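Residue numbers (the working numbering), protein chains in the order written: chain A, 1 to 191; chain B, 1 to 191.
In this text, a Cβ means the ideal position worked out from N, Cα and C, and glycines have one as well.
Given the structure is predicted, the values throughout are model-derived calculations rather than measurements.
Just below is one structure, and these are the notes that go with it.
2 protein chains.
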Amino acid sequence: MSVRVYLAGPEVFLPNARKVLDKKIALTRAAGLIPVTPGDLEIPKAPTKRQFGENISAIDEQMMNSAQAIIANLTPFRGLHADTGTVFELGFMCGQGKAAFAYSNVRANHYQRVLDYYGGKVAVAPDGRLRGPDGISVEDFEMNENLMLDGGIAARGGSWVTNDAPADALYADTTAFEAILAIAARKLLAE
Amino acid sequence: MSVRVYLAGPEVFLPNARKVLDKKIALTRAAGLIPVTPGDLEIPKAPTKRQFGENISAIDEQMMNSAQAIIANLTPFRGLHADTGTVFELGFMCGQGKAAFAYSNVRANHYQRVLDYYGGKVAVAPDGRLRGPDGISVEDFEMNENLMLDGGIAARGGSWVTNDAPADALYADTTAFEAILAIAARKLLAE
Chain A
1 MSVRVYLAGP
11 EVFLPNARKV
21 LDKKIALTRA
31 AGLIPVTPGD
41 LEIPKAPTKR
51 QFGENISAID
61 EQMMNSAQAI
71 IANLTPFRGL
81 HADTGTVFEL
91 GFMCGQGKAA
101 FAYSNVRANH
111 YQRVLDYYGG
121 KVAVAPDGRL
131 RGPDGISVED
141 FEMNENLMLD
151 GGIAARGGSW
161 VTNDAPADAL
171 YADTTAFEAI
181 LAIAARKLLA
191 E
Chain B
1 MSVRVYLAGP
11 EVFLPNARKV
21 LDKKIALTRA
31 AGLIPVTPGD
41 LEIPKAPTKR
51 QFGENISAID
61 EQMMNSAQAI
71 IANLTPFRGL
81 HADTGTVFEL
91 GFMCGQGKAA
101 FAYSNVRANH
111 YQRVLDYYGG
121 KVAVAPDGRL
131 RGPDGISVED
141 FEMNENLMLD
151 GGIAARGGSW
161 VTNDAPADAL
171 YADTTAFEAI
181 LAIAARKLLA
191 E
């Protein structure tokens with residue numbers, strides 16, 4: 001049996017992206033799954049930056065359509081939330097009813113990160129909801145990200161692993177990836 | 001002909017969420033489309049916060065499954081990127097091949113926002129790519145968000161409208177929404 005797994009994450013933006021992706025690819029193969037990653041296929045050249053970006057998107061969608069599952073690196077990226085490209089891809093695969101797994105190299109959950117963002121200045125508002133000084137409500141669902149992400153993963157039998165990686169390997173560390181990969185392999189290869 | 005459109009966005013977190021959603025609902029009906037929005041259906045109670053969050057996720061997925069298109073409010077949320085819940089929903093609908101439209105109440109594009117995030121301190125790295133001081137590459141595809149979002153929307157015939165809303169109506173202002181709604185209605189009702 002062969003199960004293709006799309007490996008999504010912001011590590012593609014690192015200076016050593018190729019090395020990190022190659023490590024994740026080797027680990028995925030060793031776990032008995034077939035890795036599908038950005039960079040597997042050549043991107044067609046284009047006359048404008050925008051058209052080139054659209055070509056990358058089309059190739060990535062094609063790879064997702066060819067995969068049966070996703071493992072998403074949802075480590076906070078340039079702020080308190082996961083990389084939007086990776087989140088789009090997680091939603092894309094969930095929309096197709098495919099198995100979804102996630103990891104983060106930051107252990108603090110969504111609620112704790114939002115609390116940090118507001119410097120702890122959250123309070124119960126007149127409507128009974130917890131809100132930041134800007135009036136925006138603070139979700140507390142004991143989840144790692146916005147509830148659509150955690151809910152979508154759980155609804156498809158998936159799960160998360162979180163781990164505090166060293167600051168200089170925030171996107172490259174594979175400790176949490178290896179743990180969720182083992183969980184995903186057990187589940188996907190048993191089906 | 002009846003076309004159901006899922007209205008996604010972080011305005012659900014506002015103190016006056018109901019008022020903003022009701023305005024968007026009325027505008028969508030006036031445009032000849034059927035609005036589908038979080039809040040339309042009652043969320044089943046649950047014994048834990050997490051289970052309640054999963055119930056909200058399940059209801060929102062059910063509503064997306066019932067819709068033929070999405071209009072996503074991708075205004076930057078608590079940082080330089082769109083709300084991850086909304087991004088997940090955009091990906092979910094694109095994964096199902098449904099029509100996707102977006103708007104933002106901030107006109108600065110993805111590249112400009114990342115430049116601001118780094119205080120302008122980006123430079124061409126030895127590998128020839130533009131990178132921030134943290135080594136993370138700075139995408140410049142003349143797009144409003146990560147290329148998976150803009151690419152996914154364009155591939156399904158959709159588009160964006162952006163507009164600088166007043167600071168005190170960053171998520172509630174409907175100027176850009178009304179403009180993209182008109183574009184979406186023309187396209188969806190002609191099909």
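Short of 7 Å in beta carbon distance, which residues of its chain neighbour residue i, apart from the five on each side in sequence? Order them along the chain.
i: ARG129 (chain A); result: SER137
i: TYR118 (chain A); result: GLY132 and PRO133
i: ASN55 (chain A); result: ILE43, PRO44 and ALA46
i: VAL86 (chain A); result: It should be noted that the sequence gives Thr, not Val, for residue 86 (chain A). So the qualifying residues of the chain are ALA8, GLY9, PRO10, ALA72, ASN73 and LEU74.
i: CYS94 (chain A); result: ALA100, GLY152 and ARG156
i: VAL122 (chain B); result: LEU115, LEU130, ARG131, GLY132 and VAL138
For residue i, which residues from the same chain have a beta carbon less than 8 Å from its beta carbon, with the 5 sequence-adjacent residues on both sides left out?
i: ALA176 (chain A); result: TYR103, SER104, ASN105, VAL161, THR162, ASN163 and ALA165
i: GLU61 (chain A); result: PHE92
i: GLU89 (chain A); result: TYR6, ALA8, ASP60, MET64, ILE70 and ALA72
i: GLY135 (chain A); result: ALA125
i: ALA167 (chain A); result: none
Could you say which of the options lies nearest to residue i if we only look at CA atoms?
i: ALA197 (chain A); options: A:LEU181, A:THR37, A:ASP173 and A:ARG113; result: Coverage of chain A is limited to positions 1 through 191, which leaves residue 197 (chain A) absent and any answer about it impossible.
i: ALA69 (chain B); options: B:SER2, B:LYS121 and B:PRO133; result: B:SER2
i: ARG76 (chain A); options: A:PRO10, A:MET148 and A:ALA58; result: The sequence shown places Pro at residue 76 (chain A), not Arg. Comparing Cα-Cα distances from PRO76 (chain A) to each of A:PRO10, A:MET148 and A:ALA58, the minimum goes to A:PRO10.
i: TYR6 (chain A); options: A:ASP40, A:ALA30 and A:ARG186; result: A:ASP40
i: ILE183 (chain A); options: A:ALA100, A:VAL20 and A:ALA46; result: A:ALA100
i: GLU178 (chain A); options: A:VAL12, A:ARG18, A:PHE13 and A:LEU33; result: A:LEU33
i: TYR171 (chain A); options: A:LEU27, A:ARG78 and A:THR28; result: A:ARG78
i: TYR111 (chain B); options: A:PRO35, A:LEU27, A:LYS19 and A:GLY53; result: A:GLY53
i: ALA82 (chain B); options: A:ASN146, A:SER57 and A:ALA154; result: A:ASN146
i: ALA58 (chain B); options: A:ALA58, A:VAL124, A:MET148 and A:ARG18; result: A:MET148
i: THR48 (chain B); options: A:GLU142, A:LEU21 and A:ASP127; result: A:GLU142
Roughly how many angstroms lie between the CA atoms of residue i and residue j, to the nearest whole one?
i: GLY97 (chain B); j: GLY151 (chain B); result: 13 Å
i: ASP116 (chain A); j: LEU188 (chain B); result: 42 Å
i: PRO15 (chain B); j: ASP173 (chain B); result: 14 Å
i: THR84 (chain A); j: ASN144 (chain A); result: 15 Å
i: ILE43 (chain B); j: ARG4 (chain A); result: 35 Å
i: ARG50 (chain B); j: GLY157 (chain A); result: 15 Å
i: THR28 (chain A); j: PRO35 (chain A); result: 6 Å
i: ALA31 (chain A); j: LYS24 (chain A); result: 11 Å
i: ALA26 (chain A); j: LEU181 (chain A); result: 12 Å
i: ALA185 (chain B); j: SER159 (chain B); result: 12 Å
i: ALA190 (chain B); j: ASN109 (chain B); result: 30 Å
i: ALA169 (chain A); j: ARG113 (chain A); result: 19 Å
i: VAL20 (chain B); j: ALA154 (chain B); result: 27 Å
i: ARG107 (chain B); j: ASP140 (chain B); result: 16 Å
i: ARG18 (chain B); j: ALA17 (chain A); result: 44 Å
i: GLY120 (chain A); j: GLY120 (chain B); result: 29 Å
i: ASP127 (chain A); j: ASP127 (chain B); result: 53 Å
i: ASP22 (chain A); j: ASP22 (chain B); result: 49 Å
So, for residue i: in the same chain, excluding its five sequence neighbours on each side, which residues have a beta-carbon less than 6 Å away from its beta-carbon?
i: VAL12 (chain A); result: PRO38
i: LEU80 (chain B); result: ARG113 and TYR117
Counting only Cβ pairs nearer than 7 Å, list the residues of chain D close to residue i.
i: LYS121 (chain B); result: In the structure shown, chain D cannot be found, because the protein chains are A and B.
Query - Against chain B: residues of the region 84 to 117 of chain A by CB proximity under 7 Å - result: THR84, GLY85, VAL87, PHE88, GLU89, LEU90, GLY91, PHE92, MET93, CYS94, GLY95, GLN96 and TYR117
Query raised in the report: For the region 130 to 141 of chain A, which residues have a CB atom closer than 8 Å to at least one CB atom of chain B, in sequence order?
Result: ARG131, GLY135, ILE136, SER137, GLU139, ASP140 and PHE141
**Report entry** Residues of the region 12 to 45 of chain A with Cβ closer than 7 Å to any Cβ of chain B, in chain order
**Finding:** PHE13, LEU14 and PRO15
Query raised in the report: When Cβ atoms are compared, which residues of the region 67 to 84 of chain A fall closer than 9 Å to chain B?
Result: LEU74, PHE77, ARG78, GLY79, LEU80, HIS81, ALA82, ASP83 and THR84
Query - Residues of the region 136 to 170 of chain A with Cβ closer than 8 Å to any Cβ of chain B, in chain order - result: ILE136, SER137, GLU139, ASP140, PHE141, GLU142, MET143, GLU145, ASN146, LEU147, MET148, LEU149, ASP150, GLY151, GLY152, ALA154 and ALA155
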